[in-house]
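Numbering (this note's numbering) for the sequence shown: 18 to 1180.
From the three backbone atoms N, C-alpha and C, an ideal C-beta is built for every residue, glycine too.
Report on one structure; see the data block that follows.
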Amino acid sequence: MRCRPWAMRSPAVTPLSTRSTFTKPADIAISPVSVASTNGMTGRSGRCVVTDKLPPSDLRARQDALDPERSFIVQAPAGSGKTELLIQRILGLLTTVQKPEEVLAITFTRKAAAEMQDRLLAALVQASTEPEPVEDYRRQTWQRARRVLQQDQRLDWNLIQNPSRLQIMTIDSFCSSLSRQMPWLARLGEQPGIAEDAEALYRQAAENLLLKLESDSPASRHIETVLRQIDNHLVNLRSLIISMLAKRDQWIRHIIYESDGSRGLLEESLGRYVDGVISDCSSLFGPELRSELTAMALYAAENLDAAGGVNSLTSFIGYGGDLTEGGLCRAQWVELSGLLLTGKGQLRKQVTVRDGFPADKTEPAARMKERMLALLEQLASDASFLPALQWIRKLPYSQYQERQWLVLQSLVRLLPLAVIELREVFRAAGQIDFIEVAGSARLALGSVETPEDLLLQLDATINHILVDEYQDTSYTQYDLLQKLTAGWQPDDGRTLFIVGDPMQSIYRFREADVGLFLKAVKDGIGPVRLEPLALSSNFRSQGSLVAWHNRTFAPLFAPAGDILTGAVPYTRATEINRHISAQPVHFTCFAGRDDASEAEKILAIIRTAQDRDPDGSIAILVRSRNHLEETIKILKKNSIHYQAQDLDQLGDRPVAHDLAALTRALLHPADNVAWFSVLRAPWCGVSLNDLLVLSGENLLLQRILSDQPQFEMFETLSAEGTRALSRLRQVVNTALDKKGRVGLRQLVESTWLQLGGPAVLDQAGLADAARVFNLLDELDYGGGLESFESLADGLRKLFASPDPLAGPQLQIMTIHKAKGLEFDTVIVPGLGRSPRGDDKQLLRWLEHPDYGLMLAPVPPAGDDEDDIYRAIGDIQKLRASHETLRLFYVAATRARNELHLLGHVRESGGEFRPEANSLLDAIWPTVEDSVEIITTEPQADAGIRNAVIRRLSPDWQLPEMPDAVDVTDRSTITASEIGDKTVYASSRFSLRSEEGRIIGTTVHSWLEKAARHGLTESCIEKLPPDISSELNIQGIPADRLQPCTDRVISCLRNTLASERGRWILGNHRASESELELSGMINNQLVHASVDRTFIDDDIRWVIDYKTSAPGKGMQREDFLDNEVEAYETQIRTYMDLFRCIDIDREIRGALYFPAIDAWREVT
């Protein structure tokens, strides 16, 4: 696929002159105050009730997609019902196979995998228990599920009882399973834990590598070369190496092959890129324009040469070509762009003697100048010429300069050494990251040419592969699919089914490359050719909202797809739902940034939507977390409860700042800044005037903490300040005496308690403080910190606990997290804010199927003239601009009924313009004529808020300790005895029977071993003798050993094959198995043994295993409901015990049933 990068730019980055071609949308409501009425909106949660559904225009595509003998790539835009299509496809495939394991479905998130499996099981259960539905699409799913059940019965699959046989998993889980099956080939040996946040490991590896600078190793020479390139900033180099390690899967395959011929290969790739761009530019201009351009350049070059000054057209002296020689005429094209464009990159309107056109009215000068002006006018009349010339102007050379190549060679050798250091750090820590898991899986499979046994085994096992969200696939994942399908042959009955939407590709920062979707459409994957299908029906949004999407986005997307730049065309959606309101989109645009006014507007929108439909769903979607600061403040101020994940940063809370300052002060007593923060904290309360007095004292701490403090030396210190310092002295002296002898948390927390820290906080503040203390516990390094940087990093990654009073009606999240979700009302604020610019990388790389690989090293400090580095950066910027538009599309298509857009513009040159690279900039060409700019009156005290600060009195003293709790007369009971209920009917397998008790004990024991030491599915086959022996010792008679052993093996196999089961047994923070706890519950001493507990996503999970299963005639859901009723009090007791020791964290409890791989959360 050839590249015209200038033609692939969205109108958001084209010149102003091209923007007049866009028509004004008629359905944008401009009012800054009112929210359009949606009378007639009914339905649960505000969903559009469709009374006049249209027949899907893509019905034929949906029917074709269900053919189990053909392979497809399906483009499924937002709201097109792709999940239901995937379910129907899987059901159809299951009717054609002998084993369910022959069908593999891969998704990219645990949530998507769980949803797909739940919907499949629900379809099977409904087909077995409910009559055939009336609705067409539900009837089709029901019929397919019925056929699967017939196959299930014929082949004895028992899918409903053994759902783990359905191979539905995330790409990460699939890779983990591969590395577990072949640990030797995967280089992992015993399965290590997976670090959710591996930045500390990256930092350690980078520091280990840089320590070699003082050694005689080869790495030292390469480090010196790179350091000279970045002006000897060692800390900057460390940061750059850390960032490169965090995305090593994106570059390692490009540089690992480094050889003597690599320079030639890389320069060939550059040459192909230059040739391609020039060839396309030559075609764009055509022979007549090229001839005229050449004539004008030759004339101007001769004049400049004769004048004897600077000649910017030297390549045209003696030139006899026609500008079609590819890279050979690069110099001519670059010089032509300089002749035709001004310094600011716009087409010239005049030419002068400095350009080679003297102001001579005699012939031929007058005629040539007239021809040149006519040529410029012709170029200005067609908007496609200017971006082409702008791109040509920055075209790089196709050869490296010697200095460039020297640095690139050093990087090519140095970065793999950093990876080696990282693997050593992984080995020492017993942890790896997800990148290493994927890489290990690739090693375990081998290559297409030399496959390992595992790949051959998978080739014989897997006959059908389905991949969801393929637009977010990376090259690493693409390589995995190529290997899995390498042995497939045409018409051998195996199929590949790819689903995705290029318009929703928004994960470029994870190396997701939308170009891979375009490549799959064009070339297939490996030997598999894919038939392209496109869905268009939108079942999500009301009709008028779909129409707005089409009018707004169709002119903005590129006219055609392009692999190099990541440009994709727009696919128009077909309206299925009726029009609820004529104005589904409401735009509020301020003149100048005004976060407070935006927040007030958001509050008004929420209140109006909740008044209209209290059960309706509302989402606030933002590009970045920092866009929510004012919004969160105003929602809290007005007691508006909301659900949010990882948005409300705890590190910004005053209590976190104060405790961080106290930690720094205690660990580094010479840190005056930290001590001033401590003195100003509310539990000390020193006034600003007193701080000013103290600021002139160099030996501040020594004077305060001396045995005979001389506060009178501070002549102007207030009496209150003197008393506050005196109280601080007593507490801090005690703390400093304990430093190094107690843990860091104990040191800081006890000091804070004695200073009266809790007295100035509410319940939320106390919970925040507890989370900071938990962090100090995790970072404790011999009673101190390994580095103060680790504390800052840890605080930056902490977020406030979820609001327990918040329901699902109002949710706040980033646009990326909202992908795949839908809401009745969507609010998108902060549209006018630009993202933070990308940091410089040590290495820039670009991969293209036609051109090959392009690499460029970081340019010298202060030098932006490296043309190859800049050229790759320009292409990456273009890719980013396309993704910005797609990000806006994702946000806009989450709405069912209403979309509210809020942003700001700035005045420049008499017109209002959004900030470059903002979301508003992405759609500005289609909305600028219809947006009313709201001017707000500047406030005299803008940005200054009258906050109430609670401070302790200087005379405050610790309260008296309460009397000790008397527990001498209280007996101890177990958690299972609290609220113990009679177990329901004998229709279930009773755990109270002796055999059931022994099986349960054995399963618990082996699940504990799996969690502590790791257990692979392949190992299970070797366990029956051990398990039988263990059961026999506990009392199972010989004639019952085999069925009981089978039950234990089935539980273990189900758990390890299940996505949920592997998550439960996985390596998590603060994980424990069979944990013994005791505590006071309602004045009763309670003892508990918790089967499994850990922290994931800052949630403490408390899980109890139940090895029971439904008896004959009992429905699965009824069985699970009965189990929850029987054990919910026990689980809640466990949760209450954990709340006593983990007061700041959200606690969740659940029952897990390994016999049937079922999960029920106890709420």
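Within the same chain, Y417 and W422 come within 8 angstroms of R280 by CB-CB distance, once the 5 residues on both sides are set aside.
Going by C-alpha positions, V1179 is about 5 angstroms away from G1166.
Cα atoms of A616 and R640: separation of roughly 16 angstroms, rounded to the nearest angstrom. In the pairwise beta carbon analysis, the stretch 425 to 444 is classified as not touching the stretch 150 to 170: fewer than three pairs are separated by under 8 angstroms. Of all C-beta pairs linking the stretch 128 to 142 to the stretch 171 to 184, three or more are shorter than 8 angstroms, placing the two stretches in contact. With respect to the C-alpha of S329, the residue from D946, L340, L353 and R307 having the closest C-alpha is L353.
Segment contact: the stretch 315 to 331 against the stretch 360 to 367, fewer than three CB-CB distances shorter than 8 angstroms; contact not assigned.
Runs of the beta strand (DSSP E) spanning 3 or more residues and lying entirely within the stretch 234 to 309 do not occur at all.
The C-beta separation of G456 from D189 comes to about 12 angstroms, leaving the pair out of contact by the 8 angstroms criterion. Counting other Cβ atoms within 10 Å of its Cβ, A236 reaches 16 or more and is therefore classed as buried. DSSP places R430 in the helix class (H, G or I) of the three-state scheme. Along the length of the stretch 74 to 139, whole beta strand (DSSP E) runs at least 3 residues long occupy 89 to 92 and 120 to 124, reported in chain order. The beta carbon of R903 lies closer than 7 angstroms to those of M520, Q521, S522 and I523 in the same chain, with the five residues before and after it left out. In this structure, the beta-carbon distance from L262 to A314 does not fall below 8 angstroms. CA-CA distance, L244 to A678, rounds to 34 angstroms. In the structure shown, the three-state DSSP call for I1044 is helix. Distance from the Cα of S1035 is smallest, within the candidate group A1126, N1071 and G1052, for N1071. Here the alpha carbons of G343 and G293 stand approximately 7 angstroms from one another. A Cβ-Cβ contact shorter than 8 angstroms links T901 with L936.
Residue environment for E766: buried (at least 16 other C-beta atoms within 10 angstroms of its C-beta). Residue environment: T124 is assigned as buried (16 or more neighbouring CB atoms within 10 Å of its CB, all protein chains considered). The three-state reading of DSSP puts V151 in coil, since its state is none of H, G, I, E or B. Under the three-state reduction of DSSP, F574 is assigned to coil, being neither helix nor strand. The continuous beta strand (DSSP E) containing D841 extends over residues F840 to V845. Taking 4 residues as the shortest admissible run, the stretch 212 to 236 contains the following complete alpha helix (DSSP H) segments, listed from N- to C-terminal end: 216 to 227.
Short of 8 angstroms from the beta carbon of G811, and not among the five residues preceding or following it, lie these beta carbons of its own chain, in chain order: L792, E795 and L796. Taking the Cα of T146 as reference, the smallest distance to any Cα among L1154, G288, R1133 and P1171 is reached at R1133.
For I1112 against D1153, the beta-carbon gap comes to about 17 angstroms, at or over 8 angstroms, which does not count as contact. W505 and T512 have their C-alpha atoms some 9 angstroms from each other. For G517, the enclosing beta strand (DSSP E) begins and ends at T512 to G517. For the pair I1120 and D1108, the CB atoms are nearer than the 8 angstroms cut-off. L709 counts as exposed, since fewer than 16 other beta carbons sit within 10 angstroms of its beta carbon.
Annotation for C298: W350, A405 and I409 place their beta carbon closer than 7 angstroms to its own, counting only its chain and skipping 5 residues before and after. Non-local beta-carbon contacts of D611 in its own chain, meaning distances under 8 angstroms to residues more than five positions away in sequence, involve H921 and T953 in chain order. In this model, K1039 and P117 are separated by some 23 angstroms (Cα to Cα). Ranked by Cα distance from S194, the options T158, I657 and L121 are led by L121.
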